[in-house]
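To start, the structure itself, in structure tokens.
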Amino acid sequence: MLDKTILLVEDNPDDVELTRRALKKNNIENRLVVAQDGVEALDYLFGRGQYAGRDTHRQPIVILLDLKLPRLDGLEVLHQLRADDRTRLIPVVVLTSSREEQDLVNSYRLGCNSYIRKPVDFDQFVDAVRQLGLYWLVLNEPLPGVES
Amino acid sequence: MAGTSETDGMVECRRENERLRQRLQEAEQTLRAIREGEVDSLVVRTPLGNRIFTLVDAQSPYRSFVENMAHGVVGLGPDGVVVYCNRSFSTIIRTPAERVMGAKWRSFLTPESVAECDRLFQRVRAKVEEGLSAELVLRVGDGTCVPVSVSAHALPVGNLPTVGLVVTDLTRPRQVEEAYKLLARMLDESREIMVIDMSPDGAITGWNKGAEYTYGYKASEVIGRPISVIIPPDRADQFAGVLERLRRGDTEVHYDTTRLCKDGQLRTVSVVIGPLKDASGQVVGYGSVTRDVTERKKAEESLREQAELLALSHDAILVLDPADRITYWNKGAEALYGWAREEALGQPAHTLLRTTFPLPVGEIHATLLRQGYWNGELLHVTRDGRPIAVDSRWSLRRDEQGNPAAVMEINSDVTARKQAEEAARLQAECYATLLATTPDGFLLTDLDGNLLDANDTYCRMSGYSRDELLHLRVADLEWRETREEVADRSLKVTQSQFDRFESLHRRKDGSVLPVEVSIAYWKSRGQLLVFVRDIGERIRAAEAARIQAECYTALLAATPDGFWLTDVDGNLLDVNDTYCQMSGHSRDELLRSRIADHELVFTPEGVIERLHQIATATRFDRFETRLYRKGGGGVLEVEVSIAYLQSKDQFVTFIRDIAERNRAEEALRRASAYTRSLIEASLDPLGTVDAEGKITDVNAATERMTGYDRARLIGTHFVDHFTDPEKARSGIEQVFSKGETRDLELDARSRDGQITTVLFNGSVYRDEGGRVLGVFAAARDITARKRAEERLRLSEERYRSLAMATTQIVWTTGPEGKAVAEQPYWEEYTGQTVDEDREFGWLDAVHPDDRDLTMNAWKAACQARRTFRFECRIRRRDGAYRLFANCGVPMLNPDGTIREWVGTCNDITDVREAEAAIRKLNAELERRVEERTAQLEVANKELESFAYSVSHDLRAPLRTVDGFSQALLEDCAERLDGQGKDYLCRIRKASLRMAGLIDDILHLSRTTRAEVNRSRVNLSEVARSVVAALREHEPQRRVDVSIADNLTAVADPPLIQVVLENLLNNAWKFTSKRDPARIEFGCTRDDEGRPVYFVRDNGAGFDMRYADRLFGAFQRLHRSEDYPGNGIGLATVKRIVHKHGGRIWAEAAVDQGATFYFILP
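From first to last, the protein sequence lines are chains A and B. Mapping to the working numbering: the first sequence position 108 is 108, numbers consecutive. To convert, count from 1 in the second sequence and add 10000; that's the working numbering.
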């Protein structure tokens, strides 16, 4: 279980640290891979660029995706990974500060599995991450071909 | 504890209310008491202290009188405060008395009136005697002004100077005055009514617009000139008569007359004139009001024209208006009554003619109204006082509404007939008198000679008394003859009827009386009439002979039959007066004439033959024939009885007028004489023609048209009266063959060669068996068409004046578009001369590029023969081309071909330029709108992206602040003291509040941007669900919530949800310190009946001074420690309500709860 990688796509190092902390506080010990922008996330998933040669059969068990990203934004990332057979079935949780309805609608339309608004209150955030971990990492049966 | 203090407040409030109500009741009672006189004094509290007003002198009846007076009464205190007013004043000022009393008097005055009123009060205070009234203007309850007259009086009430005012409303008198002024102005300006004033000597002093318009003189032309300038010479006497009547004291004279216009035209007018008096009653002139009734008179004229047609005979024909005034009087009437037309017109008929009616007039009028006509015998008196009997036929004419409009009265003189009847009656009486007074003695005897009666004359002659005579026998009186001889003679008389002989009678005294005895046998009674004439004295004998001759002549004269004595050659030897009257000839004329001159049926040879036959064979003959009356006066229908006097070889002829009899027969045959009168009344010549083409009957119109009288027309050939007999014959033949013919145009030739164009219509008429008897021919005199042409000419004249008055170019052309006549407007505008624009010369003034277009438009229009319009440029005389809209209308001949074109050209250059300018402006505006829209779109985009970054970027740092503060607290807790931890907690709290603010800003912004999609929303249900959520959140709270059922509105459902959430949340929040809290959601109506929704609570409320800040963003009226919140909720609510086009406001008081009202249109 501990080997199941979580891909966090997030450009804000503070948020990366806080996410890491929240996961830790919920005893989610999975390996966390951080991509700092959309391009890097796709490189990782498709074994390109700095991740060239990565075994793309091993894909993260869940992707936590921020929407507002440098270079390539979260929605575009979502669009591309839903268009590729290798990544089509990976659960994607959109994790964002945005409360814009437009973002929520577009995210679901492009096939995200969950949408979590990052609360300012860290306690609430911890709580949200706990539920997320419970569902996606514990209850949800991973699909064949996904890293296990 | 808050609950207790709140209850105290309410109790206090209720007590206050109670106190106020009590005071109000007291005030009302006091007022009533004053009115009813129960109060004698009043204490008025003023800022200067209490004042006492006593009403001691005012006895109850006076007060009641004052209270009920029609004038307003006001009492003023020394400080100018109204201390009393009665009901009338309250009505005048349209303000309840209780609001007038206690108010400053000056507050009811307009600013201008205040000064005036002050002056009035000064006079009162100075105790001057005069000028104690003034006209003021009051400002009344509804803000309008009322003019009043106010009289002021100092009132000795107690020792304080008070003033009493009596106020009279002048509104009505002012209005009347205004109305009079208006009326005067209208009269002055009126075109229909002429108002003319003149001085006593007839110089014009006033002349209004109507007079200018009608008579054509400007006021400046006629003022000062004698009124006679408009009086035609033949009306001068009439006008002098009118003035005379006014001088004698008549206050008004109404008469119809004619007036002379400046252009020489005569107008028929109806005038009312009366004296103008100055204040002292001295006559200073005359004023007249005149209406032009020319047109009305023309209409009456046409009725009278019709009446003229009825003048077949010399019957008198009158037309009376509904008031029995004569409006028509024909020649026959002039002849019959002796009154000239001018004298009779306008007079009440029955007064003028001193009519004696056979029945009560009311009954006659009732019959007339019921049947439309009446016929009877009237007695009239002629101008020279001669009574005459007339056979009067009345027929009623109604107007379009069916109301009686006129009565036509046709009177024929039956005096002669009446006189004859009277003469007969007189004769009988005469004989009786004769018997009594005759110089002849008279005896009645039986066949045995016994005397049965004797007259006075014989008594005188014989010296016997009547009684003595009745005991005697004829033989007793005879001097010579015996009883046998007398009996023998009597027997002879019974056979010969009559005997006359001379004899001698014996008087009582024995003397002899030479007598001539005439005996007649009265067969029916078997008695003898014996006349005994004293022939003893020659004088008496001569006298007797004279009386006899007179008797003969009188008898002949008095017989209703005409009488001729003729010889065998038909020469008239003697005639009686009756025949003179019948024939219209004088006796002398008749005695020079022959039978054949009068006979209509027999030829001269026929007359001689008939006489010969009577003389040789029959001795006596009786037959009907027709005789001429003198001078075309018609035909006598007579029955002649001719007897041959063998002794003299002469003929005695009695001629009886059987027209009456025939007319009666005719009436029977035709069922109604009315039909005939209709035929006679027809304007169209009508007649009947028999199968041989001979005229059998005509009406008066035919007589007028042909110039022949009826008698000469009947029997002539129909076709001979037309210029084209063949055409007429074919018309008649067509009637016989096809049953009718229509509108055959023929020219009729009258006796004097005058040609009348008529449209001939004919149809056959049949007897009861359906056999064709002849043709009923009707001709329509199309002189009317000439009148139409006259109207056309007038219309053209009008058209020309109209053209002169217009600013357009008005033109006419021939049928192909060639200019024929002078084109003054065209020439004026283009500068072309008459010769230049002639034919198609006008085309030169059209812009060269537009000439083809113009000619094409013309050609098309000529072909279509319809109104055409097109635009082209036309050269002005200064050489500039201007754009014209042209319109031409074809004037068509009766056959549909074009007679001419009439049209106008309208300069539309300026219109077109203005249109172009407007188009340019519109384009410019549209461009600017587009620009602005684009700018707005950009701004919107910017706003959206701003909101996006707010939502995303501003939150991230907060999260960092909060997250790491928490991390510090958790990870480094042991290294931080209590203060350090407290600081970290504050940092966290602040970052959370900022996050909340950001959310609210976004919410507000989203609300502002949201589109409103309306549907019907059940507000009650929304409110219930909101309250349910609140209860769930705070189940421990005790809140009475009342929500009205079924409140609905047409609104955006999610947005209206936000509104109710915010308002109910607020109510919930601000009642948190009430137990129980009360929240109400309901609906009331505003002045215009629109629903006003409200949310009411009994919570903390707020100070209304800050109400305007209530709906601003981040505005808070409470500390967040007391009531948490960020001040964005009501701002959001307001934006939503405004986006719906509605309105929201609040009413509240500190600690008394708040109510929020909103309207959603």
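Cβ coordinates follow ideal geometry from the N, Cα and C atoms, glycine included. Values in this document were obtained by computation on a predicted structure and should not be read as measured data.
Can you say whether residue i is buried or exposed, counting buried as having 16 or more other CB atoms within 10 angstroms of its CB?
i, result
"A:GLU10", "buried"
"B:TYR11106", "exposed"
"B:ARG10267", "buried"
"B:ILE11144", "buried"
"B:THR10351", "exposed"
"B:HIS10153", "exposed"
"B:THR11084", "exposed"
"B:ILE10874", "buried"
"B:ASP10169", "buried"
"B:LEU10627", "buried"
"B:GLU10550", "exposed"
Between residue i and residue j, what straight-line distance do the alpha-carbon atoms span, to the nearest angstrom?
i, j, result
"B:ALA10058", "B:ALA10179", "A caution first: B:ALA10058 carries a pLDDT of 49, below 50, which makes its placement in the model too unreliable to give a value."
"B:ALA11023", "B:ARG11135", "19 Å"
"B:ARG10480", "B:SER10583", "54 Å"
"B:SER10511", "B:ALA10454", "19 Å"
"A:LEU67", "B:SER10965", "25 Å"
"B:LYS10738", "B:VAL10889", "43 Å"
"A:ASP14", "A:PRO119", "14 Å"
"A:ILE28", "A:LEU7", "13 Å"
"A:GLU17", "A:TYR115", "20 Å"
"B:LEU11047", "B:GLU11080", "13 Å"
"A:LYS25", "A:PHE46", "31 Å"
"B:ASN10856", "B:VAL10820", "20 Å"
"B:LEU10155", "B:VAL10272", "55 Å"
"B:VAL10607", "B:HIS10717", "25 Å"
Tell me which residues share the same chain as residue i and place their Cβ nearer than 7 Å to its Cβ, disregarding the 5 neighbours each side in the sequence.
i, result
"B:GLN11115", "ARG11109 and GLY11127"
"B:LEU10611", "VAL10568, GLY10570 and PHE10651"
"B:ASP10684", "ALA10701, ALA10778, ALA10779, ARG10780 and ASP10781"
"B:ARG10106", "GLY10080 and VAL10114"
"B:CYS10872", "VAL10846, HIS10847, ASP10850, LEU10853, THR10854, PHE10884 and ASN10886"
"A:GLN149", "The requested residue 149 of chain A is not part of the displayed model; chain A covers only 1 to 148."
So, at 6 Å on beta carbons, what are the nonlocal neighbours of residue i in its own chain, with the 5 sequence-adjacent residues on each side left out?
i, result
"B:PHE11102", "LEU11117 and ALA11148"
"B:ASP10743", "LEU10759"
"B:LEU11171", "Nothing in the structure corresponds to residue 11171 of chain B, since chain B is present only between 10001 and 11161."
Between residue i and residue j, is the Cβ-Cβ spacing less than 9 Å?
i, j, result
"B:LEU10529", "B:LEU10469", "no"
"B:ALA11154", "B:ALA11077", "no"
"B:VAL11012", "B:LEU11055", "yes"
"B:ASP10962", "A:ASP55", "no"
"B:GLY10903", "B:THR10813", "yes"
"B:ARG10838", "B:LYS10818", "yes"
"B:THR11140", "B:ALA11010", "Checking the sequence shown, residue 11140 of chain B turns out to be His, not Thr. No. Outside cutoff."
"B:ALA10711", "B:LEU10600", "yes"
"B:GLN10347", "B:ARG10383", "no"
"A:LEU32", "A:VAL129", "no"
"B:GLY10463", "B:PHE10531", "no"
"B:THR10757", "B:LEU10773", "no"
Is residue i near the ligand NAP - that is, is its Cβ less than 8 Å away from at least one heavy atom of it?
i, result
"B:TYR10829", "The ligand content of the structure shown is nil, which means the ligand NAP is not present either."
Whose C-beta lies closer than 8 Å to the C-beta of residue i among residues of the same chain, with five residues either side of it excluded?
i, result
"B:VAL10293", "ASP10256, THR10268, VAL10269 and SER10270"
"B:SER10280", "none"
If residue i and residue j are in contact, beta carbons under 8 Å, what's the gap, nearest whole angstrom?
i, j, result
"B:LEU10165", "B:VAL10146", "With 8 Å as the limit, B:LEU10165 and B:VAL10146 do not qualify as a contact, their Cβ atoms being about 14 Å apart."
"B:ARG10225", "B:ALA10203", "7 Å"
"B:GLY10332", "B:ALA10316", "5 Å"
"B:LEU10345", "B:THR10367", "Contact flag wrong, Cβ pair sits at about 26 Å."
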